[in-house]
Amino acid sequence: MHSHHSHSGDYISHAYDPLEEMVQNYIDRGFDVLCLTEHMPRLDQVYLYPEEIEKGYGTKQLSDDFSKYLVHAKQVQEKYKDKIKIIVGFEIEGIDKAHLDLSAKTLQNPSVQMSVGSVHYVNKLPIDFSKELWKEAKAASEGGLTRSLYKDYFKLVSNVIDLKPQVIGHFDLIRLCQPEDDFDETTNKLTKDVRIKEDWPDVWEVIVSVIEKAGSYGAMFELNSAAIRKGWDCPYPKSDIVKAVIEYGGGRFCLSDDAHSIKQIGLNYKKTLQYLKDHGVSKLYHLDLKDGKVVTVGEAIESIEKSPFWDVY
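Residue numbers (this note's numbering): 204 to 516.
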């Protein structure tokens with residue numbers, strides 16, 4: 204079993220359990236591969252989350268924590284190398300050019316072996332924190348339209364993919380905090396009823412171009428089970444995006460639990476795997492270590508269903 208996206212309370216203020224305890228639990232639950240992917244530091248005070256402000260954090264503390272994380276991650280990787288393959292990475296934040304430049308520099312760090320490409324901010328506002336902030340990001344988009352917000356989001360994702368992360372993180376995160384009653388003036392529909400491909404062809408064009416770009420270098424799109432614990436009936440991404448990745452991006456999917464605590468490790472993996480099978484996909488991909496190098500491996504879902512993880516979980 205594998206997860207390509209994880210966080211710990213040692214280095215992320217909105218996570219809970221210590222890094223080493225998280226790793227030990229991944230081992231206990233039958234994982235073969237674990238990617239450690241703490242968030243890269245943000246570069247301006249305006250991007251601090253409330254829990255970071257409460258701790259008295261600033262950008263220096265974020266940077267210091269990230270440096271400590273890379274050292275600790277390598278130590279943990281070595282300590283448990285006979286029990287689990289740990290791949291040290293980080294989660295890219297595609298806020299703007301400055302953050303992309305820092306990401307590009309971080310990717311050159313010899314300790315970094317992989318990355319998850321993500322966007323959490325649009326128009327410099329977090330879009331996955333609350334409905335209120337999501338609305339503010341919408342208001343700051345062209346015409347104050349949800350359609351414009353989506354286009355802005357996926358354009359930022361495109362910028363992140365220029366850095367060639369091996370894993371594309373929660374690709375349609377823009378949908379998470381969208382209010383149920385959000386209305387799209389361009390179609391006179393509730394946004395939840397909008398079919399992007401048919402109703403927003405300009406947005407769909409951006410999405411397809413991003414998927415094609417990621418597919419061109421062999422990127423994997425994570426099936427991120429965290430969406431289910433946050434109230435969705437499926438993992439990220441939703442069905443329209445899954446079908447597009449199959450059609451335009453090579454259909455390479457990998458598993459992630461995006462765990463922020465021990466109790467979230469492997470959570471909803473059975474539903475996530477069934478979701479993929481329901482879309483006619485028979486193979487999953489994952490990162491692996493071969494002679495010290497990170498490689499991408501394809502594995503039949505039938506084989507994954509025989510993992511010891513299912514017995515332990």
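Glycine residues also receive a C-beta, built at the ideal position from the N, C-alpha and C atoms.
From this set, the options, which residue's C-alpha is nearest residue i's C-alpha?
i: His207; options: Phe456, Asp436 and Asn228; result: Phe456
i: Asp514; options: Ile215, Phe234, Asp213 and Tyr214; result: Phe234
i: Phe295; options: Ile256, Glu254, Val370 and Lys263; result: It is worth fixing the name first, because residue 295 is Ile in this sequence and not Phe. Checked all of Ile256, Glu254, Val370 and Lys263; the closest Cα to Ile295 is Val370.
i: His482; options: Leu470, Val448, Phe386 and Arg232; result: Val448
i: Val413; options: Met243, Gly452, Asp285 and Val319; result: Gly452
i: Tyr214; options: Ile289, Ser485, His463 and Thr309; result: His463
i: Gly454; options: Trp337, Ser442 and His302; result: Ser442
i: Leu366; options: Arg398, Ala422, Tyr356 and Pro221; result: Ala422
i: Glu335; options: Pro244, Met204 and Glu383; result: Glu383
i: Asn471; options: Val319, Ser428, Leu490 and Lys493; result: Ser428
i: Lys288; options: Lys473, Leu393, His205 and Ile507; result: His205
i: Val319; options: Ser333, Arg232, Ala343 and Gly292; result: Gly292
i: His323; options: Tyr420, Lys284, Phe424 and Val363; result: Val363
i: Gly212; options: Arg232, Glu254 and Val409; result: Glu254
i: Thr389; options: Asp460, Asp461 and Gly346; result: Gly346
i: Gly501; options: Ile290, Pro511 and Leu487; result: Leu487
i: Asp220; options: Gln477, Ile465 and Ala503; result: Ile465
i: Asn438; options: Phe357, Leu458 and Glu450; result: Rather than Asn, the amino acid found at residue 438 in this sequence is Pro. Taking only the C-alpha atoms, the option nearest Pro438 is Leu458.
i: Ala218; options: Asp494, Glu508 and Ile468; result: Ile468
i: Glu505; options: Ser216, Asp461, Leu305 and Leu479; result: Leu479
i: Glu241; options: Ser306, Val249, Ile256 and Asp331; result: Ser306
i: Val475; options: Arg398, Pro440, Asp299 and Lys286; result: First, the residue type needs correcting, since residue 475 is Thr and not Val in the sequence shown. The shortest Cα separation from Thr475 among Arg398, Pro440, Asp299 and Lys286 belongs to Pro440.
i: Lys286; options: Lys433, Leu246 and Ile230; result: Ile230
Mind checking who residue i pairs with in its DSSP beta bridge?
i: Lys433; result: Note: Lys433 sits in no beta bridge, so no partner.
i: Lys392; result: Asp387
i: Asp491; result: Val498
i: Tyr439; result: Asn427
i: Ser206; result: Leu237
i: Leu458; result: Leu426
i: Phe269; result: The partner list for Phe269 (beta bridge, DSSP) is empty, contrary to what the question assumes.
i: Ala503; result: Lys486
i: His242; result: Glu294
Starting from residue i and walking both ways along the beta strand (DSSP E), at which residues does that stretch end?
i: Asp481; result: No beta strand (DSSP E) holds Asp481; the alpha helix (DSSP H) holding it covers Tyr472 to Asp481.
i: Leu310; result: Segment: none, Leu310 is in no beta strand (DSSP E) and carries neither H nor E.
Output the boundary residues of the alpha helix (DSSP H) element that contains residue i.
i: Ile256; result: Pro253 to Glu257
i: Ser361; result: Thr349 to Ile364
i: Met225; result: Leu222 to Asp231
i: Lys574; result: Nothing about residue 574 can be read from this structure; the chain reaches only from 204 to 516.
In the structure shown, what three-state DSSP assignment does residue i receive?
i: Gly261; result: coil
i: Gly421; result: coil
i: Val497; result: strand
i: Phe332; result: coil
i: Met317; result: strand
i: Tyr324; result: strand
i: Ile159; result: Outside the displayed range of the chain (204 to 516) lies residue 159, so it cannot be described from this structure.
i: Lys288; result: strand
i: Lys486; result: strand
i: Ser510; result: coil
i: His217; result: coil
i: Ile518; result: No answer is possible for residue 518: it lies beyond the span of the chain, which begins at 204 and ends at 516.
i: Ile444; result: helix
i: Val298; result: Contrary to the premise, residue 298 reads as Ile rather than Val in this sequence. Three-state DSSP puts Ile298 in coil, outside helix and strand.
i: His463; result: coil
i: Gln248; result: helix
i: Gln280; result: helix
i: Ile377; result: helix
i: Ser412; result: helix
i: Gly212; result: coil
i: Ala343; result: coil
**Asked** Would you call the segment 318 to 327 and the segment 263 to 275 touching, i.e. three or more CB-CB distances under 8 Å?
**Response** no
**Request:** Could you say if the segment 269 to 280 and the segment 352 to 372 meet the contact criterion of at least three C-beta pairs nearer than 8 Å?
**Result:** no
**Three CB pairs or more closer than 8 Å across the segment 371 to 380 and the segment 305 to 317** = no
**Asked** Does the segment 275 to 282 come close enough to the segment 210 to 226 that 3 or more CB-CB pairs lie under 8 Å?
**Response** yes
**Request:** Tell me, please, whether the segment 396 to 403 touches the segment 472 to 487 by the rule of three or more beta-carbon pairs shorter than 8 Å.
**Result:** no
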